[in-house]
Amino acid sequence: MALYLFKPWLINLIPAFPLLGFLINSSFSLVGARRGKSFSEGLPALVGCILPMVSFAIALLTFFVLKSTPVNVIPAPNLFSWIATDLFTVNFSFAVDHLSSVMILIITGVGSLIHLYSVGYMKGDSGFARYFSYLNLFLFFMLLLVLGENLLVLFVGWEGVGLCSYLLIGFWFSDPAKAAAGKKAFIVNRIGDFGFLIGIFLILYAFFSQSQSTDTNFLSFSFMAAHQQIFAPLATIITLALFFGATGKSAQIPLYIWLPDAMAGPTPVSALIHAATMVTAGVYMVARLHFLFALSPFTQHVIAAVGLATAFMAALIGLTQYDIKKVLAYSTVSQLGFMFLAIGAGSPPTAVFHLMTHAFFKACLFLGAGSVIHAAHDQDIRNMGGFFRKMPITAITFLISTLAIAGVPPLAGFFSKDEILLWTYCDAPSKIYYWLAVLTAGLTAFYMFRLFTYTFLGKTRHPHPEHLHESPVVMTIPLMVLALLAIFGGFVGVPEILGGENQIGHWLSSYSFLIDEPFEISLAEMWRVMAISTLFPLCMGILSVILYSRNLNWAKNLKSRLGIFYRLVSDKFRVDEIYDFLFVRPLVFISRNLLWKGIDEKLVDGLMVHGGPSMATFSARMLSLLQSGVLGSYLVYLWLGLVVFLVMAVR
Amino acid sequence: MITIYHYLILSAILFTLGMVGVVIRKNILIVLMSIEVLMNAINLVFIAVARYWQLMDGHVVVFFVIAVAAAEAAIGLAIVVSVFRNRQTIKTTDLRLMRG
Amino acid sequence: MVLLMIFQTNPIASAVYLVFGFFGLAGIYVLLSAPFVAVLQVLVYVGAIMVLFIFVLMLLNLKKEDLIYDKVTWKKIGVVLLGLFFLGFLSYYFISIPDLLPFTPVAENFGEPKAVGQYLFTNYLIPFELTSILLLVGIIGAVVLGKKD
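Taken in order, these protein sequences are the chains called A, B and C. Our numbering numbers the first residue of the first sequence as 1 and each following residue consecutively. Our numbering numbers the first residue of the second sequence as 1001 and each following residue consecutively. Our numbering numbers the first residue of the third sequence as 2001 and each following residue consecutively.
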């Protein structure tokens, strides 16, 4: 239709609009702070919401253009030449290919919905304009990340979203606990980035030492893909380093600890950043660099193991939490673990598919939780119950998303999760992976339905039930849209045996690790896998609803029976405390005592700053004793000097 | 046989004596007198060397040295007199305003 | 003589010994074919300077109790030792100058006043004039410093 309108430079505008939104809204916020009172909320909201929607429109246009051309990549005109030396060049430019087209649709689409929702959620907050400016800035950086034509632009976006996550998590920074959560997120992220940087350096090293061509645009993805054999000896180390960075950003073991704490931020932030976009950056990065990871089977095994372990552990913890957002946070960590399990099993396209469906239903879940919190002013599910009647739209959308995450067909989550389980069955190092993954999927269903039951069903435990109300339209429309996407979004990935075309699988097929046909599996086995992955979570879900809607005495008994074990799990396996003991405390001790008191005070201040003058003063005082005022003694000194001189002359 | 060495060493002895005198004695006048001794030791060296090399220049130099020494002695004594008038002492150890 | 001089308590005694020392030096100068310098020494040094010294000594009008009795301290002994050390080195240095010949005979009018005068008024004219100015300055300075009040 309007395809002929498209020009490649439009791609450069996709991140430009959110950037513009950031600038406008931050100036609103600054001016408001100056004046002592904030602007009316209308203008920042308008700016903040419209601009991402414009970007979404362009992204949609780009997608259709890409679909209709035989070309795989549409590069945008170079913005500027960033690094230009003889040895090494980097250009700041964007490009859209199949992978990034999917990503930008998710980012701008879900992002716009969340912006809309935030208008209602953040109403009345004094930092309204500041919030929208940060949110737009985040979109900008995330778009940089996925649109970047080379690894360095990706890294800029990578760091930028880390920054925005800090800004947004610690949004209500006057509460020290919330500010600390923001700090924790950024610092843990940074630790991962260290690994990422080492990966980049190693890549550069590989090129510097071995490249024969005269083209120096080393970090460009097209360049790297074309010369991938250069990496072969270093592939394992590089990919491990890069994966370490991904564990920081995408909250895997060992760097997942920031995500539960990140719930201190406003709920739409949790929806956007920690459900749909930022945490998926790690998955995107691995998919983008799939050719690197394909060179190292060892890393693939590591990724699969880490992903599975994370998924399982997070599911266990999520089972015991009583804060809505914390349950959803651990659920996010768990689903991310599933995505990495898919990668490790050899199929990044499947991981991206799950990324997409997860964005839909998790964002819907978070926004629904926000709706609940907005109404009940409380986050503890033990104080909730029976919300179904009071807020039906929220409840229904929440139910739909819960079904989706549990993997109930024909909702979106089923298709993506089932495909992950299929790959795990076929390509993981051992069948244990598969059974553990199935168990985790069951646990996922179980705790999600637990959450639903506690919150929406049964009798109300809330102290003031008469205050409960449904959320305003601004908030419910995004909920409904996302729920619809959760229902229908999976249909792009229906596998062939069920009669579908698996469009998304084909769209992203070039990003798989394996070159030939994926695996050999009999039809009967495939049906069996599918049946298990459907029925098991379904049963767990029903079980959970039944168990939790009754009298909860059985839970109390179980808790006391499990005793220590239960406490261990509900305390998140004490991982935070372990880290604190192992790393934080020694570090703080060293920096306080050694570096601060020892070196800074004694050495730098004492020796260098004071030392010079005090030595001068001391020697001056000593020497002044020689000046007795009696001429005769002066003469002696003269004479002494003369004698010394003579002695030396004779020698 | 009296060689030049003898004269040189004599001069050295005189010089040392003069130095010792300057340092040891506390009476300013004796110190000034020791300074004269120093200058004479130097004169001796000049004369001896002039005799050795058969050059008259040494004599001329000594002439000047004596003249200068005279002037210096005069001034020095004048200073001693005025110091004595101010402080009533001629002990060097009491004159230590430059102490520091 | 000089040795005696420096160890005298009474300054007058020291002055007298110094005078004798100067006479001795004058004699040595004559031995060294420098009669003009010898006479000059006696005239100026002894005649003028030492007389000045004696005058000032008398002027100070020292009583018996004003005399300074120097104690033999460690510092003094150290200085004397230093002096001996110094002397030793100097002598060693002088002696180690190789091959100095004995004195050769000189011409007739070596050291005569006429010869000195010749030098004074030709080569060393400028220092001569400057010295006269120096003496003038010295006189003025001494007068200024010695004024009462």
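C-beta: ideal position from N, C-alpha, C; glycine also.
Secondary structure note for Phe589 of chain A: its alpha helix (DSSP H) is the uninterrupted segment 585 to 589. The C-beta of Cys49 of chain A has 16 or more other C-beta atoms within 10 Å across all chains shown, which makes the residue buried. With contact defined as three or more Cβ pairs closer than 8 angstroms, the region 179 to 192 of chain A and the region 301 to 317 of chain A are not in contact. Straight-line measurement puts the Cα of Ile1009 of chain B at about 12 angstroms from the Cα of Phe2086 of chain C.
Collapsing the DSSP output to three states places Asn1086 of chain B in a helix. Look at Asn1086 of chain B: its C-beta is not under 8 angstroms from any C-beta on chain C. The three-state reading of DSSP puts Asn593 of chain A in helix, counting H, G and I together. In the structure shown, Thr89 of chain A falls within a strand segment according to DSSP collapsed to helix, strand and coil. In the three-state scheme derived from DSSP, where H, G and I count as helix and E and B as strand, Trp82 of chain A is classed as strand.
The alpha-carbon separation between Phe243 of chain A and Val286 of chain A amounts to approximately 8 angstroms.
Per DSSP, Val306 of chain A is one residue of the alpha helix (DSSP H) stretching across 297 to 318. Neighbourhood of Val1020 of chain B in chain C, by CB distance below 8 angstroms: Ile2006, Val2079, Val2080, Gly2083, in chain order.
Pro2035 of chain C: not part of any beta strand (DSSP E); member of the alpha helix (DSSP H) spanning 2035 to 2040, first to last residue. Leu646 of chain A belongs to the set of residues whose beta carbon lies under 8 angstroms from a beta carbon in chain C.
Taking Ser165 of chain A as reference, the option from A:Val54, A:Ile542, A:Gly248, A:Pro409 with the minimal CA-CA separation is A:Gly248. Chain order gives the chain C residues near Val636 of chain A as Val2079, Leu2082, where near means a beta carbon separation below 8 angstroms. Within chain C, the residues Leu2082, Phe2085, Phe2086, Phe2089 have their CB atoms less than 8 angstroms from the CB of Val643 of chain A, given in chain order.
Residue pairing for Ala95 of chain A: DSSP places it in a beta bridge opposite A:Pro75. For the 8 angstroms CB-CB criterion, Gly385 of chain A and Phe449 of chain A do not form a contact. Interface annotation, Ile1075 of chain B: in contact with chain C, CB-CB separation under 8 angstroms.
The DSSP-derived three-state label of Ser209 of chain A is helix.
Here the alpha carbon of Gln229 of chain A sits roughly 43 angstroms from the alpha carbon of Pro537 of chain A. The beta carbon of Met530 of chain A is closer than 7 angstroms to those of Asp418 in its chain, skipping five residues each way along the sequence. Met480 of chain A is positioned such that its CB atom lies closer than 8 angstroms to that of Thr397 of chain A. Excluding its 5 nearest sequence neighbours in each direction, Lys390 of chain A has C-beta neighbours in its own chain below 6 angstroms: Leu468, listed in chain order. Pro613 of chain A is classed as exposed because its beta carbon has fewer than 16 other beta carbons within 10 Å across all chains shown.
Secondary structure note for Gln335 of chain A: its alpha helix (DSSP H) is the uninterrupted segment 324 to 344. With respect to chain A, the C-beta atom of Val1023 of chain B has a partner C-beta closer than 8 angstroms.
The bridge partners DSSP lists for Asp380 of chain A are A:Asp323.
For Trp258 of chain A, the enclosing alpha helix (DSSP H) begins and ends at 258 to 261. Judged by their CB atoms, Leu482 of chain A and Phe360 of chain A are nearer to each other than the 8 angstroms cut-off.
Within chain C, no residue has its CB atom less than 8 angstroms from the CB of Leu1038 of chain B, the nearest being about 10 angstroms off.
For His1006 of chain B, there are no neighbours in chain C by C-beta distance under 8 angstroms, as the nearest C-beta there is about 10 angstroms away. For Val1068 of chain B, the chain C residues whose C-beta falls within less than 8 angstroms of its own C-beta are Thr2131, Leu2134, listed in chain order. Judged by their CB atoms, Ala1071 of chain B and Ala2048 of chain C are not nearer to each other than the 8 angstroms cut-off. Burial is judged here by how many other beta carbons sit within 10 angstroms of a residue's own beta carbon; Lys362 of chain A has at least 16 and is buried.
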